[in-house]
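In the UniProt record's numbering, the protein residues as written are 1 to 212. A quick write-up on the structure given underneath.
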Ligand SMILES: C[S@@+](CC[C@H](N)C(=O)[O-])C[C@H]1O[C@@H](n2cnc3c(N)ncnc32)[C@H](O)[C@@H]1O
C-alpha cells in the first residue's frame, strides 16, 4: 500500500489493519475464523502439547512425504520441518487463500509446498508434485462441520494415498473424526490432550502392511 493510499484509508479499515498487524500470525488466524467459521472450526491454533503428542509416533527416518490438511497459519509446519529429513517434503493443503498466501510468504524452506485446494483432491496433488504415495497425513480439519459428503470423501482418498506402514494423524475437538477414519482404517490409536483450547481428541489411524 502506497503512502497516499494509507493516508486516504478510512478510519475503521485503518484500525482493523493496525489490530491485525499487532496480533501477527494470530491476527491472520482470527480473521480467517471470522470470515469462514465453519471451515476453520477453531479460533485458537493448536497448543505445543498437542503438536508434540500428535507427531510423537512418526518414524521420521522413513518419512519422505508428509502431507498436512488445514495448516491454517502453520502451527504444525515448523515442528514438522524440524523433524523431517533433508530429502523430505512437506505438502500442506488449505482451502483458505489468505492462509496459503501467508504460509508462502513466511515459510521459505525448500522442502515446503503450500497448495490452495481441498484435501479431497490429495491424490492428484501428491501426483502433481511427483509422488505416488504419502508416508503420513496430518489433519486439523473440522470433520464434523465440513459440507455433506466432504468428510467421507477425504477419509477415503487419504486411505488410498497413504503407503502401507504409514498413518493418518487426526486431531479434533469432538470424537466424531474417528467415525470417518474407522470406515477405512482398521487400527486406530487414540488420546486426549487437555492442554489445548479447547481440549482435543487425538487419533492415529494405521495402514498396516497386510492391508489391501
Ligand atoms: C482448525 S483449523 C486448523 C488450524 C491449524 N492446523 C492448527 O493446528 O492450529 C482448520 C483448517 O482447515 C481448513 N480447511 C477446511 N476445509 C478444508 C478442506 N476441505 N481442505 C483443506 N483445508 C480445509 C481451514 O481453512 C482451516 O485452515
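The C-beta atom is built at its ideal place from N, Cα and C for all residues, glycine as well.
Quiz item: What residue from 179, 201, 176, 166 has the CA that sits closest to residue 207's CA?
Solution: 166
Quiz item: For residue 194, is the classification buried or exposed, using 16 other Cβ atoms within 10 angstroms of its Cβ as the cut-off for buried?
Solution: exposed
Quiz item: Going by DSSP, what residues sit across from residue 187 in a beta bridge?
Solution: 206
Exercise. Please determine if the segment 48-61 and the segment 154-164 are in contact, where contact requires at least 3 C-beta pairs separated by less than 8 Å.
Key: no
Self-check item: Length-filtered (4 minimum) alpha helix (DSSP H) runs lying within the UniProt domain "Methyltransferase" (67-166)
Solution: 77-83, 97-106, 122-128, 150-161
Exercise. Answer yes or no: do residue 170 and residue 139 have a C-beta to C-beta separation smaller than 8 Å?
Key: yes
Self-check item: Spatial distance of residue 200 from residue 192 (CA atoms)
Solution: 6 Å
Exercise. Report the option in 178, 119, 211, 132 whose CA atom is closest to the CA atom of residue 150.
Key: 119
Exercise. Given a cut-off of 8 Å, decide if residue 79 and residue 113 are closer than it, judged by their beta-carbon atoms.
Key: no
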